[in-house]
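Protein chains in written order, with this note's numbering: chain A, 3 to 336; chain B, 3 to 336.
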DNA sequence: AGCATTGATGACTACGTAGTCATTTGTCAA
DNA sequence: TTGACAAATGACTACGTAGTCATCAATGCT
C-alpha cells in the first residue's frame, strides 16, 4: 500500500497524496479529505523509510548505553519520553562490554540517525574523540572525559560531592572512607576528587577503595571488606546510589547500624533512594533537565558546538546521615 | 559517501561495491580487498535506510513498553541484548498513559519494522485484536489477555501464584491478604485468581485490595491502609515485586515486622528482590528465556501463528516468608 | 579446437517518498 | 474583458541500495 495506490484510488497524482500527509496546508481541504478517507479505507500509512531516504532525515536518535545499571535505565526512560514529545524515535544500542563498542558504533553508523547520545562512563577519551570526529551530531551524557572533545551534558559531579562531603562533616564525621566504582572512568575520578578536596579542607583524609563496578554487588563486596578490616569510619561516601544500597545492606547484615555507627551517602538520586527502606542521603541528578539539555544540543538549530553543559544537582537528605544528636531519626529499624 | 563514490574510486561498478558488502562471497577476493580499502579510506558505510527500502526489511524490531516500572526496564534490557546478538536493532516506543497507545502505534506503523513486541499489561483485548489484525509480525509479552488473539509469550502467572500460595500456607499462614496492581489488567486478574484458588483449596479466604498501580508508592499506600485498618493477616501476597517493596517498607515503617508478624511475597524476581535489604520471597520470571521465545516467534522462519507460549517461573525463597519456627531468620532489623 | 559451464562483473531498474518545476484553474483589479 | 497573480495540482526525478539479467573471461570437457 503506497501513496501511488492511494492516488490511483482517489484520482489524483502521487504528489498530491504525499503532500496531503507531509504538508497538508498545501492541499485543498476537499482534496485532502478525499485522500485521507481513501488512505483510511485502504490502510495506507506513509513509509518512513522511503521518507528518510528522500529527505535525508530519519527522525531517529540513537542512544548508546550500557546494558546494565539502574541509573542508565532511568536515563533511558527520560530520553524515550522526551524524544517522543518531539516526534523522534529512540533507537537503542546497548552494550555490556566496552570492547563491543566498536561493533555498536559500526552498526549505528549505518542507520544514518539524526543524532547520537553517548551515555557511558566507560568510554575513554581517545575513543570518544574518534567518534566525535565523524560529522554525526553527538552528545556525551554524563561523561566528564568528553569535555572539550565532544559536546556534553553532565551533572556537576565535583560540586555535588563537595556538598555531600560538607554535609557529612557538618553531621560530625571525622573519619571518612570513599568507595568508588571503576577507577579508570572519569566520572569516578571527578566525583572522588570533589569529595577528597572538600574533606581535605576540613582536614579529613579520604582513603579510596575501588569496588570494581557500579552495581549493588560491588558496593556490597567493598563494604564487607571494609567491615572485615575493622576500623570503620564515621561515614562512607559512595560513588553511586546502587553501590550505596549494597554498602548499606552489607553494613546492616554485619550488624553495623546506619547511620548510628556509620553514615552513608550515595550519588545519583535513583527512585529507590527515596524508598523508605533505604531513604538515602544522596545527590539527586536532575535527569529530566539533563536530558532536555542533551536533546536541545542534538536537535538544536545549529550544529552542536563542543559546549559543555554542567548542571548542578540537588542534595537529598535521607536518614542515612542523620547521626548527630540534633537530628531526630525519622525512623529506626527495631 | 555512497557505494557509487567508492565504485568510482576503485574503478568498478556500484553493483560490485554493493555486493562486496552484502554478499562478499560473490566478489573476487582481490576486488573485495580493493573495495574494502577504498571504503575504509573514504569512510564509506552502507546506508541501512536505502537497503531497507530496497530489501523491504529493516532489521529493526519495535518494542512498545510502558515508560515506567522496574520490571519493564529489565525486560527491555534483555531484549536489547538478545536482539543485538541477532544483528537486529531495537526501536523503542514507550508510553506512560494507555491513551497514548494509538499515537504510538501510528508512528510505529510508519517505520515498517520487521516485528513488534507489545509489552504492557494495560492494553485491553479489543485494542490488542485490532493491532493484531495488521499483517505486522507481533508478539505480546506477558499479556495473558492476548491469548488467542495474537501470539504471546508469558510467564505462568497462575502456576506461579499457586506455588507462592502453597509456600505461604506451608509456612503457617491462615489468614492471607492480596494486594493487586491494576484490577482491570489481565495480568492482575490471572495472578489473583491463581492465588485465590490455591488458598481456597486450603480453606483460606484471600481478600483482594487494589493498589491502583505497579509502582513502589502504590504498594506502600495499600499496605499502610491495611495496617491502619488493623486486622493484619499472617501473610500478604503482592502482585509484583516493586509493589512488594513498598508493602514491606510500609509495614516496617509502622513497626510491623516482616516476616515475624506478617509474611510478604512478591512476583517477578527483580534484581532488587535478591538484594539483602529486601531478600524477598517471590516468583522469579525467567526473563531471558521469555525474551528468547518472543524473539524466536518474531524472527522465526514462518509467520508467527497465534501460539501462546507459557513458561514456568522459579520460586525464590527469601527471608520475607521465613516465619515458622523451623526457619532461622538470617537477619533481623534491630 | 569447439563448446558448455562456471565465476566475476556491469548495466539497469525498482523500492516509496518529497521536492522542483511546470501547468492549470480560479480570483481580482484595471 | 483581460492581464496579473496566487492556489492547486501534476509530471518528473533523485535519494542509495540490491536484485535481475546480460556480458565477458576463464576453465574443463569431448
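Beta carbons: idealized from backbone N, C-alpha and C, even for Gly.
What residue does the beta strand (DSSP E) around residue i start on, and which one ends it?
{"i": "residue 316(A)", "result": "316-318"}
{"i": "residue 344(B)", "result": "Within the shown structure, residues of chain B are numbered from 3 to 336, placing residue 344(B) beyond reach of any answer."}
{"i": "residue 180(B)", "result": "178-182"}
{"i": "residue 140(A)", "result": "140-143"}
{"i": "residue 93(A)", "result": "91-97"}
{"i": "residue 125(A)", "result": "Taken as a continuous stretch (DSSP letters only), residue 125(A) belongs to no beta strand (DSSP E), as it is neither H nor E."}
Within 10 angstroms of the Cβ of residue i, are there 16 or more other Cβ atoms? Answer buried if so, exposed if not.
{"i": "residue 239(B)", "result": "buried"}
{"i": "residue 324(A)", "result": "buried"}
{"i": "residue 244(A)", "result": "buried"}
{"i": "residue 190(A)", "result": "buried"}
{"i": "residue 89(A)", "result": "exposed"}
{"i": "residue 105(A)", "result": "exposed"}
{"i": "residue 6(A)", "result": "exposed"}
{"i": "residue 192(A)", "result": "buried"}
{"i": "residue 59(B)", "result": "exposed"}
{"i": "residue 108(A)", "result": "exposed"}
{"i": "residue 256(B)", "result": "exposed"}
{"i": "residue 271(A)", "result": "buried"}
{"i": "residue 2(B)", "result": "Any property of residue 2(B) remains undetermined from this structure, which presents chain B solely from 3 to 336."}
{"i": "residue 197(A)", "result": "buried"}
{"i": "residue 251(B)", "result": "buried"}
{"i": "residue 87(A)", "result": "exposed"}
With respect to the alpha helix (DSSP H) encompassing residue i, which residues constitute its N-terminal and C-terminal limits?
{"i": "residue 7(A)", "result": "5-12"}
{"i": "residue 27(B)", "result": "First-last for residue 27(B): undefined, no H or E at that position."}
{"i": "residue 171(A)", "result": "159-172"}
{"i": "residue 221(B)", "result": "218-230"}
{"i": "residue 269(B)", "result": "From DSSP, residue 269(B) is part of no alpha helix (DSSP H); its letter is neither H nor E."}
{"i": "residue 50(B)", "result": "50-57"}
{"i": "residue 62(A)", "result": "Careful: residue 62(A) lies outside any alpha helix (DSSP H), inside the beta strand (DSSP E) at 62-68."}
{"i": "residue 236(B)", "result": "Residue 236(B) -> no alpha helix (DSSP H), and no H or E assigned at all."}
{"i": "residue 1(A)", "result": "Examination of residue 1(A) is not possible in this model, given that chain A is present from 3 through 336 alone."}
{"i": "residue 87(B)", "result": "72-87"}
Within the same chain, show all residues whose beta-carbon is closer than 7 Å to that of residue i, passing over the 5 residues directly before and after it, in chain order.
{"i": "residue 121(B)", "result": "65, 66, 67, 74, 77, 143 and 144"}
{"i": "residue 326(A)", "result": "Note on residue 326(A): pLDDT 48, under 50, position unreliable in the model; no value is reported."}
{"i": "residue 40(B)", "result": "8, 11 and 12"}
{"i": "residue 296(A)", "result": "119, 141, 143 and 155"}
{"i": "residue 168(B)", "result": "200"}
{"i": "residue 45(B)", "result": "3"}
Please return the same chain residues whose Cβ sits closer than 6 Å to the Cβ of residue i, not counting the five positions on each side in sequence.
{"i": "residue 162(A)", "result": "285 and 315"}
{"i": "residue 309(A)", "result": "153"}
{"i": "residue 9(A)", "result": "15, 16 and 19"}
{"i": "residue 206(B)", "result": "178"}
{"i": "residue 320(B)", "result": "281, 282 and 283"}
{"i": "residue 211(B)", "result": "181 and 224"}
{"i": "residue 300(A)", "result": "117, 139 and 141"}
{"i": "residue 37(A)", "result": "12, 19 and 22"}
Relative to the alpha-carbon of residue i, which residue among the options has its alpha-carbon at the smallest distance?
{"i": "residue 29(A)", "options": "246(A), 14(A) and 265(A)", "result": "14(A)"}
{"i": "residue 165(B)", "options": "118(B), 204(B) and 200(B)", "result": "200(B)"}
{"i": "residue 53(B)", "options": "112(A), 70(A) and 99(A)", "result": "112(A)"}
{"i": "residue 62(A)", "options": "100(A), 23(A) and 110(A)", "result": "110(A)"}
{"i": "residue 261(B)", "options": "226(B), 311(B), 100(B) and 235(B)", "result": "235(B)"}
{"i": "residue 85(B)", "options": "312(B), 294(B), 322(B) and 320(B)", "result": "294(B)"}
{"i": "residue 269(B)", "options": "216(B), 98(B) and 292(B)", "result": "216(B)"}
{"i": "residue 231(A)", "options": "253(A), 246(A), 292(A) and 151(A)", "result": "253(A)"}
{"i": "residue 373(A)", "options": "313(A), 94(A) and 56(A)", "result": "The structure shown has nothing for residue 373(A), since chain A only spans 3 to 336."}
{"i": "residue 292(B)", "options": "313(B), 273(B) and 277(B)", "result": "313(B)"}
{"i": "residue 102(A)", "options": "227(B), 170(B) and 83(B)", "result": "83(B)"}
{"i": "residue 247(B)", "options": "186(B), 263(B) and 276(B)", "result": "276(B)"}
Take residue i and list the residues in its own chain whose beta-carbon comes closer than 8 Å to its own, dropping the five residues that flank it on each side.
{"i": "residue 21(B)", "result": "28 and 29"}
{"i": "residue 249(A)", "result": "181, 221, 222, 224, 225, 238, 240 and 266"}
{"i": "residue 209(B)", "result": "179 and 180"}
{"i": "residue 290(A)", "result": "80 and 84"}
What residues in the region 268-284 of chain B bring their beta carbon closer than 8 Å to a beta carbon of chain A?
273, 274, 277, 278, 279 and 280
Can you list, in chain order, the residues of the region 224-256 of chain A whose Cβ is nearer than 9 Å to any Cβ on chain B?
Close to chain B, meaning a Cβ-Cβ distance shorter than 9 Å, are the following residues of the region 224-256 of chain A: 247, 248, 250, 251, 252, 254 and 255.
Interface positions of the region 41-56 of chain A facing chain B (Cβ-Cβ less than 9 Å), listed along the chain:
45, 47, 48, 49, 50, 51, 52, 53, 54 and 55
For the region 85-98 of chain A, which residues have a CB atom closer than 8 Å to at least one CB atom of chain B, in sequence order?
86, 89, 91, 92, 93, 94, 95, 96, 97 and 98
At a Cβ cut of 8 Å, what residues of the region 107-122 of chain A count as close to chain B, listed as they run along the chain?
Shown in chain order are the members of the region 107-122 of chain A whose Cβ falls below 8 Å from a Cβ of chain B: 108, 109, 111, 112, 113 and 114.
Which of the residues in the region 138-151 of chain B, read from start to end, lie with their CB under 8 Å from any CB of chain A?
none
Closer than 9 Å between beta carbons: that is the criterion. Which residues of the region 20-37 of chain B meet it against chain A?
none
Got a sec: which bits of the region 194-223 of chain A sit with their beta carbon under 8 Å from any beta carbon on chain B, in order along the chain?
218 and 222
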